[in-house]
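Engineer: Structure incoming, see below.
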Amino acid sequence: MDESQLCSLPTTDISTSLSKDRLKLFINAVPKLDKVVRALLVLPAGMETTLPSFLTTTFGVQDQITVPTLLKASQEFLKNDIELCIIHESFEKADIEAFMLDCSNAKKSFASAYLIRSDNDDYKLPQGFSGIIRELDPTLDQACIVKALEQRAASHEKRLLELSDDKSISSAEVKFRLLFAQLTKVVPKDLLHLNVIRDVATELSQGKAIKERRIGKGREPVKGKNGKLLLLVKSFTGEAAFEVSEQDTVDYRQLHLFDNVIPGQIVGRLYPPGEGEDGVDALGAVIKAERGDETFVDLTEALTLKQETGRSYQSIFSNKFGFLLELGAKLDISEEFLVRGDLDLHYGHIDFVGTVVVNGNVLPGFSIKSRSGIVVRGDVEQASLFCTEGNIEISGYAHGGQGSRLVSGGSVTLKIANDLFVEAREDIIVTKEAVDCCLRAYRSILLSHASLIGGQSYFTAACEIKTAGSDLGTKTELFLCNDVEVRSDYTALTTSIQEHEQVCELIDLHLGPYATSPDRVQLLNDKLRKKMEQLLKKKANVLSSLETLNKRQTELLSKATLLAPIRVNFVSYCNDGVTLYSGEEQFRIVEGEAGPFTIDFDRDSRSFVRSEYKPLETINRSEAQSTMETETKQDGPEEGSTG
Numbered sequence: 001m002d003e004s005q006l007c008s009l010p011t012t013d014i015s016t017s018l019s020k021d022r023l024k025l026f027i028n029a030v031p032k033l034d035k036v037v038r039a040l041l042v043l044p045a046g047m048e049t050t051l052p053s054f055l056t057t058t059f060g061v062q063d064q065i066t067v068p069t070l071l072k073a074s075q076e077f078l079k080n081d082i083e084l085c086i087i088h089e090s091f092e093k094a095d096i097e098a099f100m101l102d103c104s105n106a107k108k109s110f111a112s113a114y115l116i117r118s119d120n121d122d123y124k125l126p127q128g129f130s131g132i133i134r135e136l137d138p139t140l141d142q143a144c145i146v147k148a149l150e151q152r153a154a155s156h157e158k159r160l161l162e163l164s165d166d167k168s169i170s171s172a173e174v175k176f177r178l179l180f181a182q183l184t185k186v187v188p189k190d191l192l193h194l195n196v197i198r199d200v201a202t203e204l205s206q207g208k209a210i211k212e213r214r215i216g217k218g219r220e221p222v223k224g225k226n227g228k229l230l231l232l233v234k235s236f237t238g239e240a241a242f243e244v245s246e247q248d249t250v251d252y253r254q255l256h257l258f259d260n261v262i263p264g265q266i267v268g269r270l271y272p273p274g275e276g277e278d279g280v281d282a283l284g285a286v287i288k289a290e291r292g293d294e295t296f297v298d299l300t301e302a303l304t305l306k307q308e309t310g311r312s313y314q315s316i317f318s319n320k321f322g323f324l325l326e327l328g329a330k331l332d333i334s335e336e337f338l339v340r341g342d343l344d345l346h347y348g349h350i351d352f353v354g355t356v357v358v359n360g361n362v363l364p365g366f367s368i369k370s371r372s373g374i375v376v377r378g379d380v381e382q383a384s385l386f387c388t389e390g391n392i393e394i395s396g397y398a399h400g401g402q403g404s405r406l407v408s409g410g411s412v413t414l415k416i417a418n419d420l421f422v423e424a425r426e427d428i429i430v431t432k433e434a435v436d437c438c439l440r441a442y443r444s445i446l447l448s449h450a451s452l453i454g455g456q457s458y459f460t461a462a463c464e465i466k467t468a469g470s471d472l473g474t475k476t477e478l479f480l481c482n483d484v485e486v487r488s489d490y491t492a493l494t495t496s497i498q499e500h501e502q503v504c505e506l507i508d509l510h511l512g513p514y515a516t517s518p519d520r521v522q523l524l525n526d527k528l529r530k531k532m533e534q535l536l537k538k539k540a541n542v543l544s545s546l547e548t549l550n551k552r553q554t555e556l557l558s559k560a561t562l563l564a565p566i567r568v569n570f571v572s573y574c575n576d577g578v579t580l581y582s583g584e585e586q587f588r589i590v591e592g593e594a595g596p597f598t599i600d601f602d603r604d605s606r607s608f609v610r611s612e613y614k615p616l617e618t619i620n621r622s623e624a625q626s627t628m629e630t631e632t633k634q635d636g637p638e639e640g641s642t643g
């Protein structure tokens, strides 16, 4: 057998049973088998250790070999991908089974296991634990050992096909194992395509020519995730988000075009790019992965980017009231929402914490809620406008109707108003005409260049009108109020009191004489008595409710403040039908009178005083400021009470 044949010998297993003397004899005989042993060991490149020195340096030639020494040796062999060499003398059953397990593991990695056993045969080794197990006669001498090894080398393929259970494996399987053993020396096992290698082995066993085949593939590096911007609020894009009610209906006026944003609110998060996953080439060399791309965001002064403690991302905070606006890669907070045309189904109801500007008209059935102000450059038709802190300005015609209201935490400025309910915590200003309107100003009503025809006007400080009433004597009422009477909820309270009183009067009409003498009801027959008792019970309930309402009215009036002076100026003309009220007092214009002239209400004498025209004076509200603000914030004007 030449050297090339020896080098191609497959790795396999040998089991011998030798005495201690025979063990030493075997070790001494190994140098004569140097080439065969080298081929069987498949030593790594650069390792020149021969089998005798390898055994000697690893185990030593000792009479007694300990279990820890064997375990350490087996681990070292496996780590270096060297064939497992186990030597044991007389161990317990558990020790032998442990070595068999190591041998089995070595077999799975296609390394050979050499078993040299002593004379103790009390426990027979099971078959099949690591390939072919052959028992040699313990009386064999050195020549027999050499002969046995040479015979095995001459028929290595046949020997390799034999299993402990006398079954055989195919030639293709043998070639597959040989190929795999050689390939794993240069290619990581997990990168090999076992099915392809097995197919190649099959074709080789059939004598076929092998074309180029891809037997392994590396892993491409995976680039890290890119940084990203995550918005936590809905920015304004013009895209609607309809809401479905519990009845599965959709109100197409509720579009939810954006989310309101307040100072200090987190509107978004900026996540950094992630690290990639390294790849490997076909030989196992690492291919470094790229980090993900950064995401850059341009923020205006309305937004602040901060790194929060313990978070991998940065948070974007708002510095203003408004809505989030995306302008390409730029983010901003807009304090003004602009309706470029009419407020219709393209925009729906508007609810905004900033200022709302409508370039066109507000169509019937729509509403605007704002914090900072509302500006309508067109008309308002049967719509409602609510502003909690700012002013309301309408440049065109404003027509109200049932359910239509204008409520402002500041002032309201109108050009032409008809059948409109207006409530303002400051002033109401009309520049041309107001017809059949209910105006409630917590300070003044100013129509210095406009006409006031019909309706009711409530104010606490002053009122100036160019022309009041009409030639037809239209009933026009002016109420000089304190800071409680001017509020719509107080008017609703007084209206409810009046309704209760009217109900009591109607019940008394039905009761007749029994209203003042309820004891006489017992003298009636059963049918009439039951009817009268029901009416008396109903009256008692109404009176109880009326008592509660009167207490509420008394409580509110006890906190009221009458601001002085209260003045009404008529600049051009005041027609008959105009009446001024202050509490129980009233002043009626019987015949039309040309202006300018002034009517003051003297709080001390509780009477109206007509005089020459006096300009409106600045009202000192310092005494009532605290009470006014507290009451108005708690009780009105509110959307619930005004619309």
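Heads up, the sequence shown is in my numbering, so the first residue is 1 and it goes up one at a time. All residues carry an ideal CB built from backbone N, CA and C; glycine is no exception. Since this is a predicted model, take the numbers as computed values, not measurements.
#1: Which runs of the beta strand (DSSP E) fall wholly inside the stretch 276-346 and span at least 3 residues, in chain order?
#2: Helix, strand or coil: which one does DSSP assign to E485?
#3: Classify F654 as buried or exposed, calling it buried when 16 or more other Cβ atoms lie within 10 Å of its own Cβ.
#4: Considering only C-alpha positions, which residue in the set A515, T476 and T431 is nearest to V590?
#5: Write down every uninterrupted run of the beta strand (DSSP E) in the stretch 376-459 whose length is 3 residues or greater and which is fully enclosed by it, in chain order.
#6: What does DSSP give as the partner residues of V644 in its beta bridges?
#7: Based on the DSSP output, what are the partners of C653 in its beta bridges?
#8: Spell out a yes or no on whether the stretch 281-293 and the stretch 355-369 are touching, meaning 3 or more CB-CB pairs, one atom from each, closer than 8 Å.
#9: Smallest Cα separation from I507: which of L536, Y347 and R529?
#10: From the DSSP output, in three-state form, read off D102 for me.
#11: For A540 and C438, I'd like the C-alpha separation in whole angstroms.
#12: Might you give, ordered along the chain, the residues of its own chain that have their beta carbon closer than 6 Å to the beta carbon of E381, omitting 5 neighbours on each side?
#13: By DSSP's criteria, T579 is part of a beta bridge. Which residues make up the other side?
#14: Chain C beta carbons: is any one of them nearer than 8 Å to that of Q402?
#15: Quick one: give me the first and last residue of the beta strand (DSSP E) that F352 is part of.
#16: CB-CB under 6 Å to L231, same chain, minus the five flanking residues each way: which ones, in chain order?
#17: Can you tell me whether H256 is helix, strand or coil according to DSSP?
#18: Look up V356 in the DSSP assignment and give the residues it is bridged to.
#19: Taking S607 as part of the beta strand (DSSP E), name the residues at either end of that continuous run.
#20: Determine the DSSP secondary structure at K185, reduced to helix, strand or coil.
#21: By the three-class DSSP mapping on this structure, what secondary structure does I368 have?
#22: When DSSP labels each residue in this structure, what does L549 get in the three-state scheme?
#23: What is the rounded straight-line gap between the Cα of E336 and the Cα of I262?
#24: To which residues of the same chain is K225 closer than 8 Å at the C-beta, ignoring the five residues directly before and after it?
#25: Assuming V200 contacts I210 under a Cβ cut-off of 8 Å, what Cβ separation, rounded to an integer in Å, is found between them?
#26: Please work out which residues of its chain come closer than 7 Å, Cβ to Cβ, to S448, disregarding the five sequence neighbours upstream and downstream, and give them in chain order.
#27: Which residues bound the beta strand (DSSP E) around V222?
#28: According to DSSP, what are the bridge partners of R269?
#29: Candidates T431, F321 and T413: which alpha carbon is nearest A450's?
#30: Exposed or buried, what is V484 when buried is set at 16 or more other beta-carbons lying within 10 Å of its beta-carbon?
#31: Tell me which residues share the same chain as N482 and place their Cβ nearer than 7 Å to its Cβ, disregarding the 5 neighbours each side in the sequence.
#32: So, for F296: in the same chain, excluding its five sequence neighbours on each side, which residues have a beta-carbon less than 8 Å away from its beta-carbon?
#33: With a threshold of 16 other CB atoms inside 10 Å of the CB of R520, please say whether the residue is buried or exposed.
#34: Here's the rule I'm using: 16 or more other beta-carbon atoms within 10 Å means buried, otherwise exposed. How should V609 be labelled?
#35: Would you call the stretch 305-324 and the stretch 339-350 touching, i.e. three or more CB-CB distances under 8 Å?
#36: How many Å lie between T516 and Q522 at the Cα?
Structural biologist: Put simply:
#1: As far as the stretch 276-346 is concerned, its whole beta strand (DSSP E) runs of at least 3 residues are 303-307, 314-318, 322-327, 330-334 and 336-339.
#2: coil
#3: Past the edges of the chain, shown from 1 to 643, lies residue 654, and the structure says nothing about it.
#4: T476
#5: 384-387, 391-394, 397-399, 405-408, 412-418, 421-424, 428-435, 438-441, 444-453 and 455-459
#6: It is not possible to answer for residue 644, since the shown part of the chain is limited to 1 through 643.
#7: Lying before the first or after the last residue shown, residue 653 is absent from the chain, which here runs from 1 to 643.
#8: no
#9: Each of L536, Y347 and R529 was checked against the Cα of I507, and the nearest Cα belongs to L536.
#10: Low confidence applies here, because D102 scores a pLDDT of 47, under 50, leaving its location unreliable; read the following figure in that light. The answer is helix: DSSP assigns D102 an H, G or I state.
#11: 34 Å
#12: P364 and H399
#13: E477 and R588
#14: Checking the listed chains, one finds no chain C in this structure; it contains a single protein chain.
#15: That run of the beta strand (DSSP E) goes I350 to F352.
#16: Only G268 meet the Cβ criterion.
#17: coil
#18: F337 and I374
#19: S607 to E612
#20: coil
#21: Correct three-state label for I368: strand.
#22: In this structure, L549 counts as helix in the three-state DSSP scheme.
#23: 13 Å
#24: P273, G274 and G292
#25: 6 Å
#26: E464, K466 and V571
#27: Segment: none, V222 is in no beta strand (DSSP E) and carries neither H nor E.
#28: DSSP, once it has assigned bridges, lists L230 and S315 as partnering R269.
#29: Residue T431 is the option with its Cα nearest to A450.
#30: Under this definition V484 is a buried residue.
#31: T460, A560, T561 and L562
#32: Excluding its 5 nearest sequence neighbours in each direction, F296 has C-beta neighbours in its own chain below 8 Å: A329, listed in chain order.
#33: The residue is exposed, with fewer than 16 neighbouring Cβ atoms inside 10 Å.
#34: exposed
#35: no
#36: 14 Å
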